[in-house]
Amino acid sequence: MNIGHGLKTLVNRPRPEYHLIETLLNMCIAYTQERVAFGRPIAKFQVIQHNLAVMGGEFAAALAATGAAEGAIMRDPSFGDKVVMNVASAKIRVGEAANEASAIAHQLHGAIGFTQEHILHRFSHRLWSWRDEYDSEANWAVLLGKAVAARGPDEMWPNITAA
Numbered sequence: 037m038n039i040g041h042g043l044k045t046l047v048n049r050p051r052p053e054y055h056l057i058e059t060l061l062n063m064c065i066a067y068t069q070e071r072v073a074f075g076r077p078i079a080k081f082q083v084i085q086h087n088l089a090v091m092g093g094e095f096a097a098a099l100a101a102t103g104a105a106e107g108a109i110m111r112d113p114s115f116g117d118k119v120v121m122n123v124a125s126a127k128i129r130v131g132e133a134a135n136e137a138s139a140i141a142h143q144l145h146g147a148i149g150f151t152q153e154h155i156l157h158r159f160s161h162r163l164w165s166w167r168d169e170y171d172s173e174a175n176w177a178v179l180l181g182k183a184v185a186a187r188g189p190d191e192m193w194p195n196i197t198a199a
């Protein structure tokens, strides 16, 4: 996979994905506080609270992965191996967060977001299109795996724990 253009473009553009994940989370919090079932807001049900917590975790993971990639770029603007590894990790993690957050958002909204008239439909499609830019998470995972393998087993732990 030739990542040259994709890597630099991915790195130099704004990171709208995690902002949109946060927007979905806020929409879900508001909706679940308004929607009433069995005489109380559905936000009071434990399963709903759990799903909102998972969405919050996905947002935090996307934000952290993106921050780590941005930090690596600031330390090495020449796009060395560590930058490639951090950007690949961020691309993979943000893509996973986008999938999980949008799926939960649609579940919490009772799938109404699949109707074209609902704002969740447009937000989800925008999130999925951003996720699909610059190749799939699977191809970035292959790139990341090759980069880690090329460093050898003695570098595995330092790669994981490096700031």
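Under this note's numbering, residues 37 to 199 are what the sequence shown spells out, in order.
All C-beta atoms, glycine included, are put in the ideal place defined by N, C-alpha and C.
Note that this is a predicted model, so its numbers are computed, not measured.
Under a 10 Å Cβ-count criterion, E53 is classified as buried, with 16 or more other Cβ atoms of the shown protein chains found around its own Cβ. In the DSSP assignment, P77 forms a beta bridge with V72.
The beta carbon of I84 sits closer than 7 angstroms to those of T68, I78 and L144, all from its chain and outside the five residues before and after it, given in chain order. DSSP places F115 in no alpha helix (DSSP H); its state is neither H nor E. Distance between S125 and M63, taken at the CA atoms: about 27 angstroms. Judged by DSSP in its simplified three-state form, H142 adopts helix.
Burial state of A66 is exposed, judged by a 10 Å Cβ sphere holding fewer than 16 other Cβ atoms. The segment 131-139 and the segment 163-171 touch, with three or more beta-carbon pairs separated by less than 8 angstroms.
Burial check for I140: the Cβ neighbour count within 10 Å reaches 16 or more, so the residue is buried. CA-CA distance, A147 to S138, rounds to 11 angstroms. R129 and A177 do not touch by the CB rule: their CB atoms are close to 10 angstroms apart, not below 8 angstroms. Counting along the chain, H161 sits inside the alpha helix (DSSP H) bounded by residues I155 to D168.
DSSP places S172 in the coil class of the three-state scheme, outside both helix and strand.
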